[in-house]
C-alpha cells in the first residue's frame, strides 16, 4: 500500500524522519519496502504568477503569457498551448535549465517565432495528476517564487500489509500503528454529515436476499450534486497513493476507501429504477457490462447489487456501466456494504478482475465500517460537490456484535516471550493498539489454539486478564495472538536471544537412515536412481492384473488427467516406463532402483508403505576384447538383492520358487524373497524376470528384464539396531568343493538349506559356483557344485573332521532329496 506522509499526518503527528518511521513500522510488522520522494526530480521548478494571457501572434492554438516568478522580479514570456489558464493564477513554472521527471530538460527555445523563456507545467508533466491537457492551477495563496517541491512535494512509503491485517489497508489503520510506535495521539476523521429535510428512506429501498453473503448494508441518498474535479489536494493525494483521480464523486468514494479501508460504490440515482436495490446471487445467464466496458456472464456463485431491471454492479469487485457516474449525474446513491470474503475471492478468481476494493473485501471487513463509510462519503460529497445528504441512512443487518473478550494469562505471555513483563505493563502495551484489558473472572476460559477446547481458568482467574478486542482487529483470536501483540508493541528488537530453558527431547534416530543407506549402496554399485510418478492410470493397474474399480485402489477425486488418477500400488509401472524412455533415447542397458511409497485401502483405511524396486535390462556385462557380453537375468537381480541385504547386516535371504503373476512375471523365473525372523519366516517381496508380453504391452522392445520388489518396513524390522562384531579368527579355515546330483526339479535353495542345517556352526560360508546338465548324467539330473568354507573358533580342523562332516551332509541330502555325491 502506498502511503503519502502528508496525508497520514492528518491523523497522527509525524515527528520521525521518513527513514526512521519506515524502520519503526517494519519492526511493528508493517514492512516498508520502499520510500519515494515526490518532487525530488523537480529541478528549477518554481511557483509563478500569470500576469497576462494573450493569443500567440503566429499560432491560433497557442497563447503568449507573461509570468513573474518572484515578487517584484523580472517578467518572462512563455508560450503555452493550454486553454485553462487566466491572468492572476498561480502556476508551476519550469525555468530554463529545469529538469522534469524522466530527465526532460527545459531550455529557452523559439516557438512559432517567439522565444519561450521556460515552460508552464501540467500535473501529468510533473507526475502529480493524470491531466495532460491543462496547466496545474495552484492555490491562490501559493508562495510566489518558492520551489514547487516545498508546496507539493511529498514522501510516499510502500508498506507491505500482511493478509491477516486488513484493518491496516487504510491511512487511519496505519496511523494507529504509528501511534502505537511513537506514542503520538491518533486523530481519526470527524464525521459530521450536514443533512437536508428529506429522508433517505424516501428515495432508497434495500432488500438483501442473501444475508449470508452480505451481512450488512448501509446506503445514503445525495442530490444537488455538481460533477467536477475534486480539490487539487485530494487529486494529489489519490495520485500519490496510486489511484487515478476521476471526478469529485468518484474520488470521494476512493478517498474513503484509502482513508478508512472501506470500499464504497456510488450509483447514479437516476439509473436505479424506483430507488430499489436488491442484494442477491446472480441468476444463471445474467450478464453485466462492468465499468471497464466488458460484458461479463454471471453465475449463481456471484453476488450482485441489482435493481428491478437487472444487475447494477458485481458486489465487492466492480460497478456496472449502466449506473456509472457521468456528466449528467445530479443525484447519487451511496452503497457501503460488508460482503463475504470467500464469495468475493471466488468471483475475482473466476473473472480475473482484481481491484483495490476486492483486495480489502477479501481480507474481511468489520461491520461498523458500513455506516461509517456511507456517512464519510456523504460528508465529502457535500463539501466537494455541493451535494445535499438526505436525512439518515438505510441500514440492513443485525445489531452490531459486542466486542470480543479474549482471556489471557500474563505469566504465559512472559514465558512465550522470554521477557519479564509485569501484567500492568502488558496492559499498557496493549492499550497503545486500542486493546483494553480488565480482570478475568472465574467463568472465563483461555482459547489456547483454534479448534481446541479453551482452557478453563478456575482458581487461576485472579492472575489472568481479559483483552477487549476492538472490532477492527479480526486477527486476535487466541492467547498466542495477544502474546504476539505484546511483543510487537514492546519491540521484537528488544527481545533477548537465548536458548530455551526447557530440556531438549531425547535422541531420535533418523527415520530416513535406511533409505539413505540403500541409496548410497545401490548408487555405489552402479545403479541409477529413478523417481517416477506416484499417480498412474487405471490401464497401468489393469496390466498388473488389478481390476478396474478395485476397492483397495486409492483414487484422486479431481485428477488432472486419467493417466494420473490413481495412487500406485506397485513400483513396476514407473520402472518399466523409465526403461521404455531409456530405450527411446538409445540407452538399452539399464540398471535402476527406486525408493517410493505404495498406497492402498485396507480394513483400517488408507495405508502408505515404503518399497524398494530394482530393474535390470540389457547387458549386465559389456562386451570387451576378452569377454562376451552377458544379458542381465534373474540371477543378477537375486545376487544384487542378497548383496544389498548383506551390506545392511541383515539376515540371509531365501529365494523360494513362487507362482508367477499371470501376464506380468515369466513362468519358471519367479521367486519369493524371504528371510528368517524372530517369529519365523518373513516374506519381503518378489524377484522375477518380466513376461515379454507385459513388456510389449508397456511399449518396451526389450524382451528380457529382471526386477525385484521389496517392502522396506518388514526388512527394517529384521535389521539389527546394534551390530556386534566378533573377534578375528586365530586359526585358518578349510575350503572344500562338494558336487551333488539332484533331480532337475529340485531348487538349489533346498540343497543349500540342508547344507547349512547339517554343517552347523562349523560351516561359515556356502557358495554355488557351478551347475551342469548333460552326459554322463542321466536325463532329468543336474549337478550342483558348492564351495564350503569350514572353520572352528578354537582349533584347526583335521581332514578326518572335515570328511566326517561332508559324509553327514551327503547322507542327509540322499535321505531327504534323493541326491548323491558326484565324483
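In my numbering, the protein residues as written are 24 to 846.
Just so it is clear, CB atoms sit at the ideal spot from N, CA and C, and this is done for glycine as well.
One or two residues paired with residue i in a DSSP bridge
i           : result
residue 297 : Answer is none; residue 297 lacks a bridge partner.
residue 103 : 86
residue 809 : 761 and 791
residue 728 : 640
residue 54  : 183
residue 846 : For residue 846, which the question treats as bridged, DSSP gives no partner whatsoever.
residue 204 : For residue 204, which the question treats as bridged, DSSP gives no partner whatsoever.
Spatial neighbours of residue i in its chain, beta-carbon cut-off 7 Å, leaving aside the 5 residues before and after
i           : result
residue 276 : 287, 288, 289 and 400
residue 812 : 756, 758, 787 and 788
residue 714 : 686, 687, 688 and 689
residue 670 : 544
residue 76  : 86, 88, 108, 109 and 110
residue 29  : 177
residue 582 : 588
Where residue i falls: helix, strand or coil (DSSP)
i           : result
residue 634 : strand
residue 737 : helix
residue 795 : strand
residue 678 : strand
residue 335 : strand
residue 265 : coil
residue 78  : strand
residue 512 : helix
residue 585 : helix
residue 517 : helix
residue 753 : coil
residue 562 : helix
residue 804 : strand
residue 68  : strand
residue 422 : coil
residue 642 : strand
residue 314 : coil
residue 415 : coil
residue 123 : strand
residue 535 : coil
residue 609 : coil
Among the options, nearest to residue i - alpha-carbon criterion
i           : options               : result
residue 508 : 240, 123, 54 and 203  : 203
residue 122 : 67, 71, 102 and 167   : 67
residue 380 : 629, 283 and 833      : 283
residue 431 : 420, 446 and 421      : 446
residue 183 : 177, 25 and 194       : 25
residue 578 : 439, 777, 600 and 622 : 622
residue 463 : 452, 475 and 491      : 491
residue 459 : 499, 31 and 472       : 499
residue 417 : 538, 358 and 528      : 358
residue 23  : 650, 664 and 644      : No answer is possible for residue 23: the residues shown for the chain start at 24 and end at 846.
residue 729 : 557, 598, 149 and 722 : 598
residue 720 : 477, 600, 114 and 434 : 600
residue 238 : 266, 308, 361 and 512 : 361
residue 376 : 319, 489 and 562      : 319
residue 503 : 433, 540 and 450      : 433
residue 50  : 212, 190 and 517      : 517
residue 838 : 386, 155, 846 and 774 : 774
residue 593 : 703, 584 and 556      : 556
residue 397 : 214, 420 and 158      : 214
residue 141 : 165, 55, 73 and 100   : 100
residue 153 : 253, 165 and 700      : 253
Neighbourhood of residue i by C-beta, 6 Å cutoff - its chain only, sequence neighbours within 5 removed
i           : result
residue 382 : none
residue 160 : 112
residue 35  : 198, 201, 202, 207 and 209
residue 712 : 657, 689, 692 and 729
residue 781 : 831, 832 and 835
8 Å Cβ shell around residue i - same chain, five flanking residues per side excluded
i           : result
residue 649 : none
residue 641 : 611, 612, 613, 654, 655 and 725
residue 167 : 70, 71, 72, 91, 92, 93, 94 and 113
Output the residue ranges of the alpha helix (DSSP H) runs that lie fully inside the stretch 132-189 and measure 4 residues or longer, sorted by chain position. Those alpha helix (DSSP H) runs which fall completely within the stretch 132-189 and span 4+ residues are 171-175.
Let me know the beta strand (DSSP E) ranges lying completely inside the stretch 209-279, each 3 residues or longer, listed in chain order. Fully enclosed beta strand (DSSP E) runs of 3 or longer: 218-222, 228-231 and 239-246.
For the stretch 437-503, list the alpha helix (DSSP H) runs that are entirely contained and at least 4 residues long, ordered along the chain. Correct list: 446-454.
Kindly provide the ranges of any beta strand (DSSP E) runs that are 3 or more residues long and lie completely inside the stretch 670-718, ordered along the chain. Taking only runs of at least 3 residues, the beta strand (DSSP E) segments lying wholly in the stretch 670-718 are 676-680, 688-700 and 703-713.
Mind pulling the beta strand (DSSP E) runs of 3 or more residues that sit fully within the stretch 339-403? Runs of the beta strand (DSSP E) inside the stretch 339-403: 355-361.
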